[in-house]
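Asks:
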Amino acid sequence: MTSNGRLAVGLAVGLGVAVAAWLGADDAWAQTAGGSGAFQPVQTIAQQLLTFLTGTFATTAATIAVAVVGFFALTGRMPWGWAFSVVLGIALIFGAAQIVQTLAQAGGAG
2 MTSNGRLAVG LAVGLGVAVA AWLGADDAWA QTAGGSGAFQ PVQTIAQQLL TFLTGTFATT
62 AATIAVAVVG FFALTGRMPW GWAFSVVLGI ALIFGAAQIV QTLAQAGGAG
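The sequence shown begins at 2 in the working numbering and counts up one residue at a time.
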């Protein structure tokens with residue numbers, strides 16, 4: 002793929018993410034009446050981001066990534082480093098909460 006092709010794909014993906022973020026935006030990020038402390042809005046945003054990154058969007062993206070790797074493997078045009086990167090990336094994305102919880106408990110924070 003040429004650099005112009007990569008740029009076009011990158012712009013298309015960026016535009017798609019921007020449109021999805023715009024369509025999924027709520028009217029306000031106001032603190033609810035039962036909030037606990039000054040950092041409640043930050044916790045809410047962080048939780049929504051985590052839900053987005055590990056929910057349906059991530060599952061769909063992971064499925065597409067595995068399908069693309071499978072297609073390239075089927076046609077014999079895939080560097081095997083891609084397959085390793087996809088598997089490692091999926092494991093880190095969906096295992097991130099467990100990894101952080103394990104490290105926090107090992108450090109005495111939990």
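Backbone N, C-alpha and C define an ideal beta-carbon position, used for all residues, glycine too.
Model, not experiment: these values are computed from the prediction.
Going by the beta-carbon positions, is the gap between Trp83 and Val67 smaller than 8 Å?
Replies: No.
Asks: Taking only runs that begin and end inside the segment 33 to 73, name each unbroken beta strand (DSSP E) of 3 or more residues, in chain order.
Replies: Counting whole runs of 3 or more residues, the segment 33 to 73 contains no beta strand (DSSP E) stretch at all.
Asks: Taking the C-alpha atoms as reference points, what is the distance between Ala62 and Thr52?
Replies: Between Ala62 and Thr52, the C-alpha separation is close to 14 Å.
Asks: Could you compute how far the alpha carbon of Gly77 sits from the alpha carbon of Ala39?
Replies: If you take the alpha carbons of Gly77 and Ala39, they lie about 55 Å apart.
Asks: In terms of alpha-carbon separation, which member of Pro80, Gln48, Ala92, Gln44 lies closest to Ala64?
Replies: A quick correction: the sequence has Thr, not Ala, at residue 64. Taking only the C-alpha atoms, the option nearest Thr64 is Ala92.
Asks: Please go through the same chain and pick out, in chain order, the residues whose beta-carbon is closer than 7 Å to the beta-carbon of Gln32, but skip the five residues on each side of it.
Replies: With a pLDDT of 49 at Gln32, under the threshold of 50, the modelled position of this residue cannot be trusted; read the value that follows with caution. Within the same chain, Gln32 has close Cβ partners Gln41, Pro42.
Asks: Can you give the Cα-Cα distance for Leu104 and Thr45, rounded to whole angstroms?
Replies: So the alpha carbons of these two residues sit roughly 23 Å apart.
Asks: Counting only the same chain and skipping the five closest in sequence on each side, list residues whose C-beta sits under 8 Å from that of Phe95.
Replies: Hits under 8 Å: Thr55, Ala59, Ala63.
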